[in-house]
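Only one structure is covered here, and it is reproduced in the block below.
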Amino acid sequence: MYSLYYCPGTASMVVHLALLEIGAAHELKLVDVEKNQQKDPDYLRLNPNGVVPTLVIDNRPYLESAALLMLLAERHPQAGLAPAAGTVERDLWRQWIIFISGSLQSAFRAWFYPAELGIAEHSEASKAALQKRIAAIWDQLDLHLSKNGPYLLGETFSGADLQLTMLMRWSRNMPRPATQWPALNKLAQLIIARPSWQKMVEIEGLETWPKTST
């Protein structure tokens, strides 16, 4: 059985979604980041980075949401979270996951946690710069999806689409949320219709998103 240390709506979401897509037996262990539980000594022994998610497999902790998504996809190929090994599609799948994690998720982390940049809160200039950076990535992704979609890998769903949709949800309270880009919104509608997404929302107690198609 897998044990997922998670907090609703955070980067653990994509791992939770992957487990639900797979149908693998798992238990959820809540780490309340609003109470700073990710910094508790017991949790830091599992994850010295002091973040979620952590996935425990056979008493060994594994870290980093993108790495965990790839790990689960590779352990459960029948779930269709990744294209077949040895194919060009598999290479592109891996490339998308790393791009989304390294470019987009890192930008959101800077947006949500300015203290990690050594500042108490964002100035108007730094907020504007981050918004511009994130919008440029949405532009790039929307262009790709409009030409090659509806999924990142064309007609075929993969775990990379779960990862991207999680981050699209993170943008919901920004001045220009991701769903204002047409092809991104189309992808979001496809993913939120999946049973795994609906079950995850129910379990994690999240609000409906997006509230309406935009």
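Residue numbers for the sequence shown follow my numbering, beginning at 10 and rising by one. By construction, the Cβ of each residue, glycine as well, lies at the ideal position given by its N, Cα and C atoms.
Where does residue i sit, in a helix, a strand or coil, going by DSSP?
i	result
E43	helix
K220	coil
V65	strand
L37	strand
L72	strand
L90	coil
T96	coil
E130	coil
N58	coil
G111	helix
T19	coil
Between the options, which lies nearest to residue i when the distance is taken from Cα to Cα?
i	options	result
S115	V97, L90 and I143	I143
G163	M175, R99, P219 and M183	R99
L26	T174, Q189 and A192	T174
F117	Q198, Q189, K136 and I106	K136
W147	H131, A134 and F108	F108
A88	F166, S132 and V42	F166
Would you call the CB atoms of residue i and residue j closer than 8 Å?
i	j	result
V60	Q172	no
L55	Y14	yes
L139	W120	yes
A20	S74	yes
P28	Y11	In the sequence on display, residue 28 carries Leu and not Pro. A contact, by the Cβ cut-off of 8 Å.
Y160	L193	no
T63	P70	yes
W218	R181	yes
Under the assumption that residue i contacts residue j (Cβ atoms under 8 Å), give the Cβ distance between them as a whole number of angstroms.
i	j	result
G214	A82	The Cβ separation is near 26 Å, so there is no contact.
Across which residues does DSSP place residue i in a beta bridge pair?
i	result
Y160	G163
Y52	Paired residues: none, contrary to the question.
S12	E36 and V65
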